[in-house]
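Note sheet for the following structure.
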Amino acid sequence: MKPLRRDAAENRERLLAAANQVFADHGLDAGVEEVAQAAGVGMGTLYRRFPSKQALIDALVGNLRLELLELARSAGEREDGSGLRWLLFAAGELQAAQPACLQRLWRHSDVEPEAVTEIRQAFADLLADAQRHGTVRPDVTSTDITLVIWSIVGIIDTTGAVAPTAWRRHLELLLAGLRPSGQPAAGLTEPALSPAAAAAITG
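Counting from 1, one number per residue, gives the positions in the sequence shown under my numbering.
Dropping the structure here:
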């Protein structure tokens, strides 16, 4: 594939940034007209870069998966058993910062499937490394880690507009439960969700 001209590449990145914001604010039901307006380009420019709304969404999901893959590779360089904890927090930060297509990140799709496979393997390898170092109890499985990730997605999706860092305390609590019996867990650093914030979220 020929590389895009500089102006075309800039328009593409501008459209992706605008789409990420528009979809985060208004959901995936928002129209591409809103995206083009937010990006400051015409509809013709949008459709030259992304021939359909689905193509735009796929690009956002693909970028997010590739960014997560880079984080997973960085976590794999840690050899002291801390990689799993580091990656879970790093993945949480990434997902909280880019919530537009959060619910589609872990669903099956044809967007960057090799990245998803490598990410899942990285989590499994990091879990095994943490267990070898005695920082995670031996009966924890890779599917348990998958549930941890899904729960973080749910917390971000539910609380993000009111309490954007609430997922961090949730993750701290889950990680405390993964510690081997008899080993002290790290203290909680994120404050609890206030009753007022909980009330605002639940309406």
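Ideal placement from N, C-alpha and C gives every residue a C-beta, glycine not left out.
Using a threshold of 8 Å, state whether the C-beta atoms of residue i and residue j are closer than that.
i       : j       : result
Leu-102 : Val-153 : yes
Ala-100 : Ala-24  : yes
Arg-65  : Val-111 : yes
Gly-81  : Ala-130 : yes
Gly-83  : Ala-90  : no
Ala-38  : Gln-21  : yes
Leu-175 : Arg-85  : yes
What are the start and end residues of the alpha helix (DSSP H) that includes residue i?
i       : result
Leu-188 : It is not in any alpha helix (DSSP H) - Leu-188 carries neither H nor E in the DSSP assignment.
Asp-144 : 142-159
Thr-202 : 195-202
Leu-69  : 53-76
Glu-118 : 113-132
Arg-104 : 102-105
Ala-91  : 83-97
Glu-34  : 32-39
Arg-137 : Per DSSP, Arg-137 belongs to no alpha helix (DSSP H) and is neither H nor E.
Could you give the distance in angstroms between the alpha-carbon of residue i and the alpha-carbon of residue j?
i       : j       : result
Met-1   : Leu-171 : Reliability of the predicted coordinates at Met-1 is poor, the pLDDT of 49 falling under 50, and no value is obtained from them.
Ala-199 : Ile-155 : 15 Å
Leu-178 : Val-140 : 7 Å
Ser-142 : Arg-107 : 17 Å
Ala-186 : Ser-52  : 47 Å
Glu-10  : Ala-55  : 17 Å
Leu-88  : Ile-149 : 7 Å
Thr-135 : Pro-180 : 7 Å
Asp-58  : Asp-125 : 28 Å
Pro-138 : Arg-132 : 9 Å
Arg-169 : Glu-93  : 13 Å
Leu-105 : Glu-34  : 22 Å
Glu-13  : Gly-62  : 13 Å
Thr-189 : Met-43  : 46 Å
Can we say the region 107-121 touches the region 164-172, given the rule of at least three CB pairs closer than 8 Å?
-> No: fewer than three Cβ pairs fall under 8 Å.
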